[in-house]
DNA sequence: GGTTGGTCTGAAAGCGGTTTCTGGAGTTGT
DNA sequence: ACAACTCCAGAAACCGCTTTCAGACCAACC
């Protein structure tokens, strides 16, 4: 940014203005189109800009305009296959509105997470926050900062912060309905992170499931295929005729284990996933699952944040519906 | 950033200084520890900061210091499972050095890519660029801008820009050596994007392979499991006894197809991957492959960029070695 | 006791843009 | 021909912070 020894000197707006024989104000006006400028001067300015290779300094613009031209996204885990696709969509939406995207990862570390949000708030116009486990009070405190904030995959009742998420409850209800319809009466749920909202929403669906005759037992597991692999065997000790995975990875991990144990799927046991990561080409398995509209999720999230920045946004939480895909791993129980 | 109607007013350094009864300079000194300040004043400042909830404005700091405290990363495709892990490591390294990470995605769109790099250059202290296909001349032009730049997974001979990448050539040579040792004489390579450096490096290994008796035919394919699935059948028309995938996804896609076609692996045909995405729990398949140290790659990349920013960096391109993992999909040919 | 020297603080000058304000030139109308 | 506008360009203020610079204060020393 500044001129350092050995680096080509930075070109500033005043370099351009002297080269073009106009004032800095005029250069600014030409470049931003904020006011009419006589065409001969416009030409001179453009010429000088090209000649000198001038690029406006983003920090100075940010300071002067009172906007950074940047939005921040905080996710718990970049390596979770769920997020990259969402980020992709967010990035393209905000880019279309002329903003850049800053990404941070919290690793689910609560102390760090708080710092990161604060940090994002001081260098971004708005923040998209995905924090499945942050305590409600802390969330409320951050939201009260008066800084544009959108909650992602998390709905906090009573908080007026805009939020967007997937209807996990509805999705899991569909899965249960499907299994109940096939005749299942007992199922085991390989649970994700206990404290997470996403997991709680899924679990909430099991109450509804009881209404149509399906009893679901919750087993500790995790969110990875390895966790699914490790937890699968325990299901065999129960009377469950179906395994509901917290997500596709868990389900595929469980499938992997079941295959080793010689358990036929869906003959002996049905298995369902969640998320639809579309790994069938990889996994050689057409998993029955429900899909998250990840692309739309990211797009809508970006749009809500943008709208919040421009007009202000005041609407109910957005829930995107999930869609059931009945494929090869579910069937009527023996 | 600026005070907008309906938002709590922004607290600036001068608010703090008047509240604490000191000058702005003193506040700055206390907060940054850049000079000794009498302890009673230090206390007053901290108190006022806490009271008002002051957070320094990042743009103003950037402008005054001549540093943004931000680095930028440009990747071709966020959804590629390769990158998230790398980004994770980069993010954590630069964070440890007090910098934030900006992420952009080029979609391999050449025109866009150029703009994005320029954009990153005007708002980041340094840029980490992953662009497998950008023409050499354009790369040279960007590098000559005098802005700190590190090339990622791409080595351009004759360019003094620091770069870090994986020894794809060595990795593929190991694969070929392994197959040759098993007795294979003919193999088919399901090729990735033709114009990419990563693909070219792999192909380059096939010349070396000829030296130890393995002839590799290159077949157009792509980089996804779907592409692998689609391309697999064509191999059966050749006399190849092994399929080398451009990456693990391609290999797994091919495996999926071979299974459908009733071809035994590794009995009838050996299959090897590349990258080691560790999908075995998902894919129920222990793929013979070579692994990329993705975590180290990201970490080293971040460190090189950081070093470049602080001291300047002038060293040869870094090549990280790959490691061969012989697993269940390779065996001696019939 | 009057320099000298060393600390610590505040005033002020940037950093590189944007935007308001001001004034000169050119039009229009009477 | 002169007042009243309009239009456009430049000067200057400002965004919020860092850092230089100069001055105030106090201790030490000759």
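Chains as they are written, first to last, in our numbering: chain A, 1 to 334; chain B, 335 to 668.
By construction, the Cβ of each residue, glycine as well, lies at the ideal position given by its N, Cα and C atoms.
The model shown is predicted, which means the values in this text are computed figures rather than measured ones.
The segment 481-488 of chain B makes contact with the segment 630-639 of chain B, as at least three CB pairs between them are under 8 Å. Cβ neighbours of residue 575 of chain B within its own chain (closer than 8 Å, five residues either side excluded): 518, 519, 520, 521, 603, 604, 667, 668. Those residues of the segment 563-582 of chain B placed with their C-beta closer than 7 Å to a C-beta in chain A are 563, ordered along the chain. By the Cβ neighbour-count rule, residue 261 of chain A is exposed, with fewer than 16 other Cβ atoms within 10 Å of its own. Counting C-beta pairs with one atom in each stretch, the segment 220-237 of chain A and the segment 580-595 of chain B have fewer than three that are closer than 8 Å, which means they do not touch. Secondary structure note for residue 351 of chain B: its alpha helix (DSSP H) is the uninterrupted segment 347-354. Here residue 591 of chain B is near residue 566 of chain B, since their CB atoms are less than 7 Å apart. Around the CB of residue 637 of chain B, 16 or more other CB atoms lie within 10 Å, so the residue is classed as buried.
With a threshold of 16 other beta carbon atoms within 10 Å, residue 288 of chain A meets it and is buried.
Residues are counted here when their Cβ sits less than 9 Å from a Cβ of chain B; for the segment 209-229 of chain A these are 224, 225, 226, 228, 229, given in chain order.
With respect to the 7 Å criterion, residue 363 of chain B and residue 403 of chain B are not classified as neighbours on the basis of their beta carbons. Relative to residue 514 of chain B, the option among B:578, B:563, B:470, B:354 whose CA is nearest is B:578. For the pair residue 421 of chain B and residue 451 of chain B, the CB atoms are not nearer than the 7 Å cut-off.
The beta carbon of residue 229 of chain A sits closer than 6 Å to those of 253, 256, 257, all from its chain and outside the five residues before and after it, given in chain order. Put simply, the CB of residue 473 of chain B is far from chain A, with every gap to its CB atoms at 7 Å or more. Taking the Cβ atoms as the reference, residue 509 of chain B lies roughly 5 Å from residue 606 of chain B, within the contact range of under 8 Å. Per the coordinates, the alpha-carbon of residue 306 of chain A lies some 35 Å from the alpha-carbon of residue 352 of chain B. Assignment of residue 424 of chain B by DSSP, reduced to helix, strand and coil, places it in the helix class. Nearest to residue 50 of chain A by alpha-carbon distance, out of A:35, A:107, A:27, A:135, is A:27. The segment 73-80 of chain A makes no contact with the segment 39-48 of chain A: fewer than 3 CB pairs, one atom from each, lie closer than 8 Å.
Your pair residue 501 of chain B and residue 655 of chain B checks out as a contact, with CB atoms roughly 5 Å apart and the cut at 8 Å. If you ignore the 5 residues before and after residue 201 of chain A, its C-beta comes within less than 6 Å of the C-beta of 168, 169, all in its own chain and listed in chain order. Comparing C-alpha distances from residue 512 of chain B to each of B:548, B:532, B:497, B:482 shows the shortest one belongs to B:548. DSSP places residue 468 of chain B outside both helix and strand once states are collapsed to three, so it counts as coil.
If you check the CB distance, residue 216 of chain A and residue 189 of chain A come in under 7 Å. Between residue 126 of chain A and chain B, the shortest Cβ-Cβ separation is not below 7 Å. When rounded, the separation of the alpha-carbon atoms in residue 424 of chain B and residue 110 of chain A is 21 Å. For residue 389 of chain B, the nearest beta carbon of chain A is closer than 7 Å to its own beta carbon. Residue 569 of chain B and residue 172 of chain A have their C-alpha atoms roughly 42 Å apart. Per DSSP, residue 575 of chain B is not a residue of any alpha helix (DSSP H), being assigned neither H nor E. Rounded to the nearest whole angstrom, the CA to CA distance from residue 194 of chain A to residue 103 of chain A is 26 Å. DSSP places residue 608 of chain B outside any alpha helix (DSSP H), giving it a letter other than H or E. The beta carbon of residue 84 of chain A falls within 7 Å of a beta carbon belonging to chain B, placing the residue at that interface. Residue 23 of chain A and residue 10 of chain A have their C-alpha atoms roughly 18 Å apart. The residues 294, 295, 298, in chain order, have a CB closer than 8 Å to that of residue 85 of chain A in the same chain once the five nearest residues on each side in sequence are set aside. The alpha-carbon of residue 601 of chain B is positioned some 7 Å away from that of residue 665 of chain B.
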